[in-house]
Amino acid sequence: IAAAERQVAAANAQIGVAKAAYYPNLTLNATGGFETSHFLEWFTWPSRFWSLGPQLAETIFEAGARRAATEQAQAAYDAAVANYRQTVLTVFQSVEDNLAALRILSEEVVEEHTAVNSSNRYLDLSMTRYRAGVDSYLNVITAQNTVLTNRETELQIQLRQMTASVSLIMALGGGWDISELPKVNALTAKQAKWTANGPAQPNAAAVAAPNPPPLTPVAAVPGAPNNPPPNPVPTSAVGENPPK
28 IAAAERQVAA ANAQIGVAKA AYYPNLTLNA TGGFETSHFL EWFTWPSRFW
78 SLGPQLAETI FEAGARRAAT EQAQAAYDAA VANYRQTVLT VFQSVEDNLA
128 ALRILSEEVV EEHTAVNSSN RYLDLSMTRY RAGVDSYLNV ITAQNTVLTN
178 RETELQIQLR QMTASVSLIM ALGGGWDISE LPKVNALTAK QAKWTANGPA
228 QPNAAAVAAP NPPPLTPVAA VPGAPNNPPP NPVPTSAVGE NPPK
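Residue numbers (the working numbering): 28 to 271.
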């Protein structure tokens, strides 16, 4: 917006330049020095000379060139004003769109977080039923897939929310001061701390553990489903491969 406003000011100044061409040009010239035909008399007082006088110039016939130049400057000014107005409207639209996006995405994040919690409870229930010999391991895998899908959707919504926040800051024309960026030393220290401590441990109810021990199928246990399998899957092994 500031750049478009300066373009309008520059176009307005060009109108003044075009109108100034209607007036005559007045020039004041002054010269001085030494002049002689003999080398030894160059800097003597009688060899000096000077001249001073004004010069006035005016175009008598120009076939409408100045009027056309003035109209051209006026047209350029009108175009700059129209561009300025369009820029302002575009920025207002961008601000409104990003505000609406943030409002809608905030509601979607809450709903998707509820879906993630529900899928986690369903996963716990499926794991309990599997350990009790009621359901097969396929139900556990299906519940795990639901948890991961809902979590991925939630992260995508959060990413869109952050993108809308950055776009809103850009539309408002602020928030990009280099002093607000994190320092390289701080990022290096944070990365070193993360490497030393290791990444955060994943949720046992949502992430699979590799290489499960072989389990006896439920169908092979006498008296199933009243008797649970001899090697129940611990809670930390949610998401393991089905028993062989």
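No residue lacks a Cβ here, since even glycine has one placed at the ideal position from N, Cα and C. In this text, all values refer to a predicted model and were calculated from it rather than measured experimentally.
Taking the alpha-carbon positions, what's the Asn39 to Ala100 distance? Position 12 of the sequence shown holds residue 39. Position 73 of the sequence shown holds residue 100. When rounded, the distance between both Cα atoms is 8 Å.
The beta strand (DSSP E) spanning Gly60 covers which residue range? Residue numbering aside, residue 60 sits at position 33 when the sequence shown is read from its first letter. Secondary structure note for Gly60: its beta strand (DSSP E) is the uninterrupted segment 52-61.
Quick check on Ser78: does DSSP put it in helix, strand or coil? Walking along the sequence shown from the start, residue 78 turns up at place 51. Correct three-state label for Ser78: strand.
What does the alpha-carbon distance come out to for the pair Leu242 and His140? The residue you call residue 242 lines up with position 215 of the sequence shown. The residue you call residue 140 lines up with position 113 of the sequence shown. With a pLDDT of only 38 at Leu242, under the threshold of 50, the placement of this residue in the model should not be trusted; the figure read from the coordinates follows. Straight-line Cα distance between these residues: approximately 34 Å.
Does the pairing of the region 126-135 with the region 146-163 give three or more beta-carbon distances under 8 Å? no
Taking the DSSP output, what are the residues bridged to Ala84? Within the sequence shown, the letter at position 57 stands for residue 84. Under DSSP, Ala84 forms a beta bridge with Asn52.
Residue interval of the alpha helix (DSSP H) (run including Ala198): Translated into the one-based positions of the sequence shown, residue 198 becomes position 171. Secondary structure note for Ala198: its alpha helix (DSSP H) is the uninterrupted segment 164-199.
Classify Ala45 as buried or exposed, calling it buried when 16 or more other Cβ atoms lie within 10 Å of its own Cβ. Position 18 of the sequence shown holds residue 45. Buried.
Residue range of the alpha helix (DSSP H) that Lys46 falls in? Counted from its first residue, the sequence shown places residue 46 at position 19. Segment 29-47, the alpha helix (DSSP H) holding Lys46.
May I have the straight-line CA-CA distance separating Ala198 from Val115, to the nearest angstrom? For the purposes of this step, residue 198 is taken as the residue at position 171 of the sequence shown. For the purposes of this step, residue 115 is taken as the residue at position 88 of the sequence shown. About 10 Å.
Is the beta carbon of Phe76 closer than 9 Å to that of Gly59? Stepping through the sequence shown from its first residue, residue 59 is reached at position 32. Stepping through the sequence shown from its first residue, residue 76 is reached at position 49. A distance below 9 Å separates the beta carbons of Gly59 and Phe76.
CB-CB under 6 Å to Val137, same chain, minus the five flanking residues each way: which ones, in chain order? As a working mapping, residue 137 is identified with position 110 in the sequence shown. Here the set comprises nothing.
If distances are taken between C-alpha atoms only, which option among Leu53, Ala102, Gly91, Arg93 comes closest to Gly80? Position 53 of the sequence shown, counted from the start, is the residue given in the question as residue 80. Of the listed residues, the one whose Cα sits closest to Gly80 is Leu53.
May I ask which residues mark the beginning and end of the alpha helix (DSSP H) holding Phe119? Sequence index remark: in the sequence shown, residue 119 carries index 92 (1-based). Taken as a continuous stretch (DSSP letters only), the alpha helix (DSSP H) holding Phe119 covers 92-158.
When Leu55, Ala48, Ser74 are compared against Ile87, the one with the closest alpha-carbon: As a working note, residue 87 is residue 60 in the sequence shown. For the set Leu55, Ala48, Ser74, the Cα lying nearest the Cα of Ile87 is the one of Ala48.
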